[in-house]
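Below: the structure, in structure tokens.
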Amino acid sequence: MTRTEDVTSPTGVLHAAYGAFMAAVREIDDDGSWAPTGCTGWAARDLVFHCLSDARRALTALHSPADAAPDRDAVTYWAEWRQQDEEGRERAAHGRRFARTVAGLFPHFGPLREQYLETAAAVLHAARHADPQRPVATQGHVLDPGDLLRTLAVEVTVHHLDLGAPANGLPGPSPAGLAEVRRTLDGLLGRPVPLPWDDAHYARAATGRAALTAAERGALGADAARFPLFS
1 MTRTEDVTSP
11 TGVLHAAYGA
21 FMAAVREIDD
31 DGSWAPTGCT
41 GWAARDLVFH
51 CLSDARRALT
61 ALHSPADAAP
71 DRDAVTYWAE
81 WRQQDEEGRE
91 RAAHGRRFAR
101 TVAGLFPHFG
111 PLREQYLETA
121 AAVLHAARHA
131 DPQRPVATQG
141 HVLDPGDLLR
151 TLAVEVTVHH
161 LDLGAPANGL
171 PGPSPAGLAE
181 VRRTLDGLLG
191 RPVPLPWDDA
201 HYARAATGRA
211 ALTAAERGAL
221 GADAARFPLF
231 S
């Protein structure tokens with residue numbers, strides 16, 4: 001990120017979020033790559049492989065101009081990722097199995113780490129040079145490039161929390177990334193969350209990583225039934 005780049009802009013948010021996660025990944029050694037994460041069934045290496053796959057998708061999307069008008073924005077993109085029905089749960093289970101299988105084929109974590117860091121750096125370069133006026137295609141939808149970048153920042157920031165950083169000694173998520181997650185969750189909820197949660201706990205609670213207490217359900221009222229807002 002350049003010194004003059006606005007950290008609240010789509011490019012600035014992505015650079016902050018990816019940069020923070022890249023810093024954490026650089027600190028993971030081979031033994032640490034087997035540490036459990038906040039994602040069910042995934043070790044750190046599985047999580048990094050998943051993020052590598054998402055970075056590859058980002059590169060494809062940034063080079064996939066669409067002629068149609070956007071049908072999703074940075075908030076509504078997540079509406080289909082609640083995974084409450086049987087199809088959603090099976091899709092999530094398949095993704096977990098795939099990541100575990102492929103990540104386990106790396107005899108050492110180093111090559112996987114380098115692949116992620118190289119690909120993430122390429123995403124940041126492509127993001128900086130994307131035409132902000134040309135919609136792009138990804139996941140069966142069309143988004144403005146700025147909205148795509150915000151979704152990528154949310155994805156990597158939530159997974160950064162899954163690593164357990166900074167409690168496990170790894171660098172933590174960026175404030176800009178966490179703020180973008182809050183903005184997205186409030187957008188899905190339709191109002192600022194009526195609880196004194198910090199950004200990290202809000203991210204965990206609203207994505208199903210932390211169970212709601214009875215008091216929290218009471219404060220949320222009818223909206224409690226909508227949690228997780230995405231996962």
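As numbered in the numbering used here, residues 1 to 231 make up the sequence shown, in order.
Yeah, the Cβ is synthetic: ideal placement off N, Cα and C, and Gly gets one too.
{"Item": "Close Cβ partners of L163 (< 7 Å) along its chain, the five nearest in sequence each way excluded", "Value": "A24, T37, A44, L47 and L170"}
{"Item": "Cβ neighbours of R226 in the same chain (closer than 7 Å, five flanking residues each side left out)", "Value": "none"}
{"Item": "Identified DSSP bridge partners for L188", "Value": "Looking at the DSSP assignment, L188 forms no beta bridge with any residue, so it has no partner."}
{"Item": "Distance between V7 and R82 (C-alpha atoms, nearest Å)", "Value": "28 Å"}
{"Item": "Assigned exposure category for E80 - 16 Cβ within 10 Å defines buried", "Value": "exposed"}
{"Item": "Delimiting residues of the alpha helix (DSSP H) encompassing V158", "Value": "P145 to D162"}
{"Item": "Distance, A69 Cα to C51 Cα", "Value": "28 Å"}
{"Item": "Short Cβ contact (8 Å threshold) for L152 with L14", "Value": "yes"}
{"Item": "Reduced DSSP category for T76 - H, G, I as helix; E, B as strand; rest coil", "Value": "helix"}
{"Item": "Backbone CA spacing between G136 and A58 [nearest angstrom]", "Value": "In the sequence as presented, Gly is not what sits at residue 136; that position holds Val. Looking at the two C-alpha atoms, the distance is approximately 10 Å."}
{"Item": "C-alpha gap between P65 and A214, whole angstroms", "Value": "46 Å"}
{"Item": "Cβ distance (whole Å) where L148 is taken to contact A61 below 8 Å", "Value": "6 Å"}
{"Item": "Cβ pair S231, A20 closer than 8 Å", "Value": "no"}
{"Item": "Endpoints, beta strand (DSSP E) assigned at A137", "Value": "V136 to T138"}
{"Item": "A43 (DSSP reduced to helix, strand or coil)", "Value": "strand"}
{"Item": "Assigned exposure category for W34 - 16 Cβ within 10 Å defines buried", "Value": "exposed"}
{"Item": "Burial state of H108 (16 or more Cβ within 10 Å)", "Value": "exposed"}
{"Item": "Nonlocal neighbours in the same chain, by C-beta distance under 7 Å from R97, ignoring five residues either side", "Value": "none"}
{"Item": "Delimiting residues of the alpha helix (DSSP H) encompassing F230", "Value": "Taken as a continuous stretch (DSSP letters only), F230 belongs to no alpha helix (DSSP H), as it is neither H nor E."}
{"Item": "CA-to-CA distance, T207 to A127, given in whole angstroms", "Value": "26 Å"}
{"Item": "Whole-Å CB distance - E180 paired with V154, under 8 Å assumed", "Value": "6 Å"}
{"Item": "Inter-residue Cα distance where the pair is R209 and G218", "Value": "19 Å"}
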